Amino acid sequence: MIKFLIKNLLPLIVLLGFLAGWFLPAPGKWGYSLNLVYPCTFLVFLLQGMSVDIKALKQIRQCSSAVLIGALASQALAPFLGSLMLPYIHEDFKVGFALICVMGPTLVSGTVIASSAGAEKATCIMITILVNILAVFMIPFTLKYMIGAEVDLNPASLLIKLMLIVLLPAIIGQLICLKKPAIRTDFARGIKFAPIYILGFIIYMSVSKNSDELRDVETTKMLSLILPSLFVHFMCFAAIWYSAKLVKMKWGYKVAVAFVASQKTLPVAVAVWSMAFDKEHTFAVVAIIVFHMVQIYFDGMLAPFVASADEGKIEELTIPEDSIEAEGPNAAEETDAPEDSQD
């Protein structure tokens, strides 16, 4: 039981924050009234910046095609696929569905699941870092493309918020660890788990503020988000997989880019929703949570099949051992099920 809770910590905390805000909103409303959402969001990305090991970037030349395919799929194909699904999404959830579709890759869970399927870990980390940096600058404009007709969105204003609340704290966190590398190991558990609980608290405060409206949401409407979420994620995964196969990409690289680039990060989506949409689009967070859970559990079930598909035939990669060392607190035991993650 404890092992299950640890493996699924992020989705469970997210779900707990959502349900607590729904049924026990008073403390969350108080926290929201104190404007705690912004400092909590800043702290999440500060800690995530501390958790990421950028040594993998040294190997960019060896897997540039994987990075390129991943970037195109994450920041062009996924928003396009999402826009195809928008007409079938209930009005209450359209903004949230569009938000999650334009996000970059998950910061940890994608790498953990991909590694369990036979991916080259340094490539996973590199794709995660580079595509997320790109996403910060792309999100305002791809979001405008997807829902510009539905909401009044100022891309420049949103870009500034993303840089201040997401990119800046991540850079500060990385600089702290470069200056004092021991922090990453001395406070490994805190750096790994604290962002998950803080994210749950952010969701709790934001949902609490709008708990009266959320109680009117029908369960069937929530469940209707599963198939569109699965469509976007699976089609993105398949397109990446066959594109990598077309360019004869090595197995470890192919698995890395397919799993990592097809996933979408929850913390950034929640941050954008809290900053720009939680007042007028209360229900948007429901679509974000459903999409995240769909991708995590789908990939968790798919990973063992991918691992066995080329079992015993995985090519030896040329990446040096020191470049694929565990990324500090992000290192996790490879399992068939989704591991605890920060997004």
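At position 33 of the sequence shown (counting the first as 1) the number is 14 in our numbering, and the numbers step up by one without a gap.
Don't be surprised by glycine CBs; every beta carbon is placed ideally from N, CA and C.
Since we're looking at a predicted model, the values are computed, not measured.
CA nearest to the CA of residue i, picked from the options
i	options	result
residue 252	47, 80 and 0	80
residue 14	217, 267 and 185	185
residue 230	104, 248 and 266	104
residue 6	113, -11, 278 and 196	196
residue 57	39, 75, 262 and 85	85
residue 160	31, 18 and 24	31
residue 62	218, 283, 223 and 267	218
residue 158	74, 277, 29 and 220	29
residue 200	43, 248, 250 and 264	264
residue 141	131, 129 and 121	121
residue 367	-4, 279 and 109	Residue 367 is absent from the structure shown; the chain starts at -18 and stops at 324.
residue 262	204, 123 and 194	194
residue 178	21, -17, -18 and 12	21
residue 89	72, 113, 49 and 11	113
residue 202	129, 145, 227 and 72	72
residue 343	281, 162 and 228	No answer is possible for residue 343: it lies beyond the span of the chain, which begins at -18 and ends at 324.
residue 54	281, 282 and 222	222
Residue j beta carbon less than 8 Å from that of residue i
i	j	result
residue 192	residue 2	yes
residue -2	residue 171	no
residue -7	residue 0	no
residue 95	residue 237	yes
residue 38	residue 107	yes
residue 155	residue 41	no
residue 356	residue 125	As displayed, the chain neither begins before -18 nor continues past 324, which places residue 356 out of reach and without an answer.
residue 74	residue 206	yes
residue 235	residue 225	yes
residue 64	residue 127	yes
residue 266	residue 188	yes
residue 250	residue 139	no
residue 109	residue 60	no
residue 78	residue 272	yes
Opening and closing residue of the alpha helix (DSSP H) in which residue i lies
i	result
residue 171	169 to 190
residue -1	-10 to 4
residue 343	It is not possible to answer for residue 343, since the shown part of the chain is limited to -18 through 324.
residue 233	232 to 243
residue 214	207 to 227
residue 197	From DSSP, residue 197 is part of no alpha helix (DSSP H); its letter is neither H nor E.
Span separating the alpha-carbon of residue i from that of residue j
i	j	result
residue 183	residue 243	25 Å
residue 233	residue 101	5 Å
residue 176	residue 164	16 Å
residue 9	residue 16	11 Å
residue 269	residue 255	12 Å
residue 274	residue 208	12 Å
residue 70	residue 152	36 Å
residue 24	residue 150	7 Å
residue 259	residue 76	10 Å
residue 83	residue 116	8 Å
residue 169	residue 91	19 Å
residue 294	residue 98	With a pLDDT of 47 at residue 294, under the threshold of 50, the modelled position of that residue is not reliable, and no figure is offered here.
residue 284	residue 240	9 Å
residue 87	residue 174	15 Å
residue 276	residue 245	8 Å
residue 18	residue 93	28 Å
residue 147	residue 287	33 Å
residue 68	residue -4	26 Å
residue 215	residue 131	26 Å
residue 143	residue 33	19 Å
residue 166	residue -12	21 Å
residue 66	residue 190	29 Å
residue 4	residue 289	44 Å
residue 296	residue 11	Note that residue 296 scores 44 on pLDDT, short of 50, meaning its location in the model is unreliable and no value can be drawn from it.
residue 137	residue 129	13 Å
residue 281	residue 145	33 Å
residue 44	residue -18	39 Å
residue 204	residue -10	22 Å
residue 162	residue -16	29 Å
query = Can you list, in chain order, the stretches of the alpha helix (DSSP H) that have 4 or more residues and sit fully within the segment 13 to 84?
reply = 18 to 32, 45 to 53, 59 to 66 and 75 to 82
Whole runs of the alpha helix (DSSP H) within the segment 96 to 161, excluding any shorter than 4 residues = 102 to 128, 136 to 143 and 149 to 160
key: Inside the segment 251 to 290 only - alpha helix (DSSP H) runs reaching at least 4 residues   = 265 to 290
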